[in-house]
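Enquirer: The sequence shown begins at 9 in the numbering used here and counts up by one.
Yeah, the Cβ is synthetic: ideal placement off N, Cα and C, and Gly gets one too.
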Amino acid sequence: MTPPYAIFASSTRRATGLFVVIALLCLIISDIAVTTLNPWHEMGRLMWGIVTPDFLHLEQLSTALLRTLAFGFTGVAIGSVSGFMLALIFHLRFVRVFCAFIRSIHELFWALIFLQFFGLHPLTGVLAICIPFAGVFAKVYSEILEEADQTPHKLLPQGSGLISSFVFARIPDAWPHLVAYTSYRLECGLRSSAVLGFVGLPTIGFQLESAFSQGNYSEVGALLLLFYLLIATLKFWVRPKLIGIYVLAAPWFLGSGLPIIWGNVARFFTEDIIPAPLRDAGLSGAESFNQLLLWLQDIFIHEALPGIWNTLVLTQIALVATGIVTLITFPLISRHFGNPTKRFFGQIVLVVVRSTPEYILAYMLLTLWGPSMLPAIVALALHNGGVIAYLIGRQSNELKLRMDAPTGLNRYSFELLPRLYGPFLAFLFYRWEIIMRETAILGILGIHTLGFYVDNAIQDIRFDRAMILILITALLNILIDSISRKIRDRLRLKSASTCEA
């Protein structure tokens with residue numbers, strides 16, 4: 009009989025080989041180029057700006073940082089409470105479908121939607137974060153509650169109330185995991201809050217885009233260093249006893265923004281997003297239906313299909329590149345490699361790459377290298393590789409090696425990698441849908457993924473086309489998530505819920 013571990017190794021090798029071959033084929037047909045005249049000169053200027061940060065406009069930087077915190081805390085707080093409520097009824101199919109849909113749409117897409125009728129109002133940023141986060145929280149919270157020890161619940165005396173049995177029998181066991189995951193999502197919320205600045209909201213991303221477009225790299229360096237410091241020190245100042253104070257104070261620092269014109273809200277839902285053929289009152293029912301089919305056909309052939317193709321090509325390359333970055337970098341924080349000093353600097357490297365949102369990385373690299381898929385691939389691989397490397401590095405620290413274990417490359421290849429490869433693949437496939445979601449949104453920067461066509465439709469004030477394309481993006485993300493889940497089940501891969509970001 010073939011040993012189970014041999015079957016597992018064979019299946020994982022086949023899966024790995026298949027995805028590598030697909031990525032290589034995608035690489036051949038992808039648009040990869042450096043089109044700027046002197047990219048190394050610009051990269052040198054950027055590096056010099058980062059090591060010589062300009063903190064002279066500290067008041068302006070502090071305000072941007074404070075707004076980033078305010079949007080992050082408010083959005084995550086509302087999202088976590090809403091997600092917990094949804095988690096209690098997550099067994100209902102329509103709830104699962106609803107949560108899958110709202111979490112499959114990127115925060116920037118939500119922001120672009122709400123901008124059309126709320127404008128640059130704080131409500132736009134808060135809703136853009138809390139809606140997709142509610143879907144994520146609902147899924148993960150329900151998994152945590154299901155995996156909690158059911159013994160206390162079974163030992164309760166008959167007649168115990170539903171609420172009391174839930175609070176005293178199920179919550180205590182799940183509470184540490186709920187708190188840990190919520191803390192992790194707060195970091196994600198701060199990254200999302202920073203990115204919202206690129207659509208005009210007054211967070212750190214707005215200042216970054218302004219400084220970068222002006223070539224003021226020292227100010228860029230100051231903003232990035234402050235943001236990295238913020239993320240790196242979360243565990244020191246985000247204490248359970250202070251969370252309530254932060255959440256209550258956050259809305260007061262969102263700013264006021266422009267007043268909401270509720271007529272625009274009504275018009276958006278009753279006119280703007282209604283397909284153009286259906287708004288033409290002069291057409292009969294049959295004519296409207298025929299025009300609608302032609303309208304949808306035009307969107308699908310000229311926008312959706314090219315967007316889906318480029319999104320898939322870029323996603324598959326970035327997925328494999330993420331795996332390569334992970335396998336190279338996780339030893340940086342593993343206690344089985346290097347001394348504490350080296351691991352400390354390794355922690356700094358991983359904090360930088362996993363704390364910098366893909367959108368910001370891609371924006372910077374596009375400015376330095378010019379428009380192509382290359383900046384997006386590098387940005388996605390660095391960020392997601394840093395996230396998974398951090399998780400795998402922590403798992404490696406829990407492994408115990410025998411006294412005569414080899415050192416160096418042999419230790420990596422024959423002792424650690426075989427034992428960590430299963431969790432590594434699980435984390436990688438878990439982030440597949442996340443990489444797809446980020447790939448779509450990077451189209452706003454000019455890469456011809458689905459986000460490119462969504463942004464063009466919004467710029468042309470064709471919100472009906474934009475909503476169709478966003479719906480296609482959501483359905484594509486749901487499909488990839490379903491395929492990923494089936495692959496993980498088939499390979500019997502298990503990973504912690506905290507790998508979702």
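Going by C-alpha distance, which of 152, 96, 85, 180 is nearest residue 141?
Expert: Residue 85 is the option with its Cα nearest to residue 141.
Enquirer: Here's the rule: buried if 16 or more other CB atoms are within 10 angstroms of the residue's CB, otherwise exposed. What is residue 310?
Expert: Exposed: under 16 other Cβ atoms inside 10 Å.
Enquirer: With three or more C-beta pairs closer than 8 Å as the rule, is the region 215 to 234 touching the region 54 to 61?
Expert: The region 54 to 61 vs the region 215 to 234: in contact.
Enquirer: With a CB to CB cut of under 7 Å and the five nearest residues on each side skipped, what residues in its chain are close to residue 92?
Expert: 145, 149, listed in sequence order.
Enquirer: Under three-state DSSP, which class holds residue 406?
Expert: Coil.
Enquirer: Alpha carbon to alpha carbon, how far is residue 352 from residue 424?
Expert: Cα to Cα, the separation comes out at about 20 Å.
Enquirer: Rounded C-beta distance between residue 368 and residue 127? I'm assuming under 8 Å.
Expert: That pair is no contact at about 24 Å.
Enquirer: Is it buried or exposed, residue 27, if we count other Cβ atoms within 10 angstroms and call 16 or more buried?
Expert: So residue 27 ends up on the buried side.
Enquirer: Could you compute how far the alpha carbon of residue 349 sits from the alpha carbon of residue 358?
Expert: The straight-line gap from Cα to Cα measures roughly 15 Å.
Enquirer: Under 8 Å, do residue 117 and residue 462 count as touching if we go by C-beta distance?
Expert: Taking 8 Å as the Cβ cut-off, residue 117 and residue 462 qualify as a contacting pair.
Enquirer: Cβ of residue 261 within 8 Å of Cβ of residue 31?
Expert: Contact flag unset, no.
Enquirer: Where do the ends of the alpha helix (DSSP H) carrying residue 224 lie?
Expert: Residue 224 -> no alpha helix (DSSP H), and no H or E assigned at all.
Enquirer: Comparing C-alpha positions only, which one of 125, 324, 376, 407 sits nearest to residue 345?
Expert: The option with the nearest alpha carbon to residue 345 is 407.
Enquirer: Starting from residue 481 and walking both ways along the alpha helix (DSSP H), at which residues does that stretch end?
Expert: 471 to 498 is the span of the alpha helix (DSSP H), which, as asked, contains residue 481.
Enquirer: What three-state label does DSSP hand residue 143 in the structure shown?
Expert: Helix.
Enquirer: Give me the residue from 372, 204, 189 with the minimum Cα distance to residue 243.
Expert: Comparing Cα positions, the closest option is 189.
Enquirer: In whole angstroms, what separates the C-alpha of residue 509 from that of residue 197?
Expert: Only weak support exists for where residue 509 lies, its pLDDT of 44 falling under 50; the value from the coordinates is given anyway. Distance between the alpha carbons of residue 509 and residue 197 is about 9 Å.
Enquirer: Can residue 281 and residue 471 be called in contact, C-beta distance under 8 Å?
Expert: The answer is yes: Cβ separation under 8 Å.
Enquirer: Where in the region 70 to 143 do unbroken runs of the alpha helix (DSSP H), each at least 4 residues long, occur, reported from the N-terminal end onward?
Expert: Fully enclosed alpha helix (DSSP H) runs of 4 or longer: 101 to 111, 115 to 126.
Enquirer: Mapping DSSP to helix, strand and coil, what is residue 380?
Expert: Residue 380 falls in the coil class under three-state DSSP.
Enquirer: Please return the same chain residues whose Cβ sits closer than 6 Å to the Cβ of residue 97, not counting the five positions on each side in sequence.
Expert: The residues are 103.
Enquirer: Starting from the Cα of residue 457, find the closest Cα among 362, 18, 19, 38 and give me that residue.
Expert: Closest option to residue 457, Cα to Cα, is 38.
Enquirer: Can you tell which of 216, 239, 240 has the C-alpha that lies nearest to the C-alpha of residue 231?
Expert: Of 216, 239, 240, the residue nearest in Cα terms is 216.
Enquirer: Should residue 489 go down as buried or exposed, given a rule of 16 or more other Cβ atoms within 10 Å for buried?
Expert: Residue 489 is buried by the Cβ-count criterion.
Enquirer: Under 8 Å by Cβ, that's how I've got residue 152 and residue 119 pegged, so tell me the actual separation to the nearest angstrom.
Expert: So it is not a contact: roughly 28 Å between Cβ atoms.
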